[in-house]
Amino acid sequence: MAEVTRVPLQPLKKGSLAKLWLGVILVILLGAGFAWLTVPKGVSVTELTAGTGASPGKTDVVVVNYVGKLDDGTVFDQGQGVPIPLGQGTIPGFGEGLAKMKKGGKYTLHIPAEKAYGPKEQKNPMTGEVVIPANADLTFEIDLIDYMSEADFQRRMQIQQMMQMQQQGGAPGGAPSLPEGAPLPQ
């Protein structure tokens with residue numbers, strides 16, 4: 005029978021096993037840290053009050069109450085009952101976040117700078133004061149009141165304009181409406 009040459013194992017020095025485990029843990033932590041840094045930041049939506057029904061589509065018009073804040077809590081914008089057409093004139097992260105909300109709900113929307121204004125600072129057009137600094141993350145508190153298609157929104161706006169014209173005395177260039185109780189012309 006063939007003999008196997010035995011090689012005696014050298015005893016480990018005291019504390020070597022602990023150093024080995026510390027090295028393994030350090031490598032794992034470095035890998036996790038690198039993975040966390042390379043994951044792109046995305047839009048996050050936190051539900052404060054649940055909404056109902058479906059979420060708005062990319063081409064819908066939403067009606068919202070909102071407060072926009074910087075990370076330090078500075079309010080840079082707010083509005084009540086504001087109609088906002090998604091996909092037109094809004095920052096990419098705003099539409100992306102609203103698409104995750106439901107009618108009647110209250111939400112906190114966090115938008116990283118890459119999905120907001122990025123390296124461009126935003127100034128107040130009246131004063132020239134910087135309202136949103138470059139590379140600023142934004143947070144919005146949003147109440148999604150309603151949403152509708154673009155066609156429904158246009159129809160509602162036309163009806164509202166016609167009602168305003170009637171209250172102001174008729175269409176522009178037309179005859180004014182008669183006061184109540186006035187005799188009709190013959």
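Mapping the sequence shown onto my numbering, position 73 (from 1) lands on 77, and the numbers just tick up by one. By construction, the Cβ of each residue, glycine as well, lies at the ideal position given by its N, Cα and C atoms. The model shown is predicted, which means the values in this text are computed figures rather than measured ones.
Would you give the residue range spanned by the beta strand (DSSP E) that aspartate 156 belongs to?
Position 152 of the sequence shown holds residue 156. No beta strand (DSSP E) contains aspartate 156, which is instead part of the alpha helix (DSSP H) from 154-171.
Just verifying my parser: in three-state terms, what is the DSSP assignment at isoleucine 95?
The count along the sequence shown starts at 1 and reaches residue 95 at position 91. Isoleucine 95: coil per DSSP, three-state reduction.
State yes or no: is the C-beta of proline 89 nearer than 7 Å to some heavy atom of the ligand ATP?
For the ligand ATP, the structure offers nothing, since it holds no ligand at all.
Round the Cβ separation of glutamate 51 and glycine 99 to the nearest angstrom and send it over; I've been treating them as touching at under 8 Å.
As a first step, residue 51 is located in the sequence shown; it is residue number 47 there, counting from the start. As a first step, residue 99 is located in the sequence shown; it is residue number 95 there, counting from the start. Wrong, their Cβ atoms sit about 18 Å apart, outside the cutoff.
Taking 8 Å as the threshold (C-beta atoms), are glycine 72 and glutamine 82 in contact?
Along the sequence shown, one-based indexing puts residue 82 at 78. Along the sequence shown, one-based indexing puts residue 72 at 68. Yes, they are a contact pair.
Which of helix, strand or coil does DSSP assign to glutamate 133?
For the purposes of this step, residue 133 is identified with residue 129 of the sequence shown, where counting begins at 1. Coil.
Thinking just about the alpha-carbon of each residue, which of Pro87, Thr9, Lys18 is nearest to the one in leucine 148?
To locate residue 148, count along the sequence shown from 1; it is residue 144. Nearest C-alpha to leucine 148: Pro87.
Assign serine 48 to one of three DSSP states: helix, strand, or coil.
Taking the first residue of the sequence shown as position 1, residue 48 is located at position 44. Serine 48 falls in the strand class under three-state DSSP.
Can you give me the C-alpha to C-alpha distance between aspartate 64 and valine 134, rounded to a whole angstrom?
To locate residue 64, count along the sequence shown from 1; it is residue 60. To locate residue 134, count along the sequence shown from 1; it is residue 130. Put simply, the backbone Cα of aspartate 64 is about 31 Å away from that of valine 134.
May I have the straight-line CA-CA distance separating glutamine 126 from valine 66, to the nearest angstrom?
On the sequence shown, position 122 is the one that residue 126 refers to. On the sequence shown, position 62 is the one that residue 66 refers to. Each residue's alpha carbon lies about 23 Å from the other.
Cα separation between alanine 186 and glycine 55?
For the purposes of this step, residue 186 is taken as residue 182 along the sequence shown, with counting starting at 1. For the purposes of this step, residue 55 is taken as residue 51 along the sequence shown, with counting starting at 1. Confidence in alanine 186 is poor, its pLDDT being 48 and thus under 50, which makes the residue's placement unreliable; the coordinate value appears in the next sentence. So the two alpha carbons sit approximately 50 Å from each other.
Among the residues of its own chain, which have a CB less than 6 Å from the CB of aspartate 75, if the five just before and after it don't count?
In the sequence shown, the residue the question calls residue 75 occupies position 71. If you ignore the 5 residues before and after aspartate 75, its C-beta comes within less than 6 Å of the C-beta of Asp141, all in its own chain and listed in chain order.
Quick check on the burial criterion: 16 or more other C-beta atoms within 10 angstroms. Buried or exposed for glycine 46?
Within the sequence shown, the letter at position 42 stands for residue 46. With fewer than 16 Cβ atoms within 10 Å of its Cβ, glycine 46 is classed as exposed.
Looking only at its chain, what residues have a beta carbon closer than 7 Å to the beta carbon of glycine 91, apart from the 5 residues adjacent to it on each side?
Taking the first residue of the sequence shown as 1, we reach residue 91 at position 87. Lys62, Thr63, Gly99, listed in sequence order.
Whose CA, out of Ala22, Lys106, Leu113, Lys107, lies closest to the CA of glycine 97?
Within the sequence shown, the letter at position 93 stands for residue 97. Ranking Ala22, Lys106, Leu113, Lys107 by Cα distance to glycine 97 puts Leu113 first.
Is DSSP giving glutamate 100 helix, strand or coil here?
By one-based count along the sequence shown, residue 100 stands at place 96. Residue state, collapsed to three classes: helix.
With a cut-off of 8 Å on the beta carbons, I'd call valine 49 and tyrosine 111 a contact; round off their distance for me.
Looking up residue 49 in the sequence shown gives position 45. Looking up residue 111 in the sequence shown gives position 107. Tyrosine 111 and valine 49 do touch by the CB rule: their CB atoms are close to 5 Å apart, below 8 Å.
Between lysine 107 and glycine 57, which are expected to be in contact by the criterion C-beta below 8 Å, what is the C-beta distance as a whole number of angstroms?
Taking the sequence shown and counting its residues from 1, the one referred to as residue 107 is at position 103. Taking the sequence shown and counting its residues from 1, the one referred to as residue 57 is at position 53. Contact flag correct, Cβ pair sits at about 5 Å.
Distance check for alanine 138 and methionine 169, CA to CA, integer angstroms please.
As a first step, residue 169 must be located in the sequence shown, where it is residue number 165. As a first step, residue 138 must be located in the sequence shown, where it is residue number 134. Between methionine 169 and alanine 138, the C-alpha separation is close to 43 Å.
Check whether the Cβ atoms of valine 68 and isoleucine 146 sit closer than 8 Å, and answer yes or no.
Taking the sequence shown and counting its residues from 1, one reaches residue 68 at position 64. Taking the sequence shown and counting its residues from 1, one reaches residue 146 at position 142. Going by C-beta atoms, valine 68 is nearer than 8 Å to isoleucine 146.
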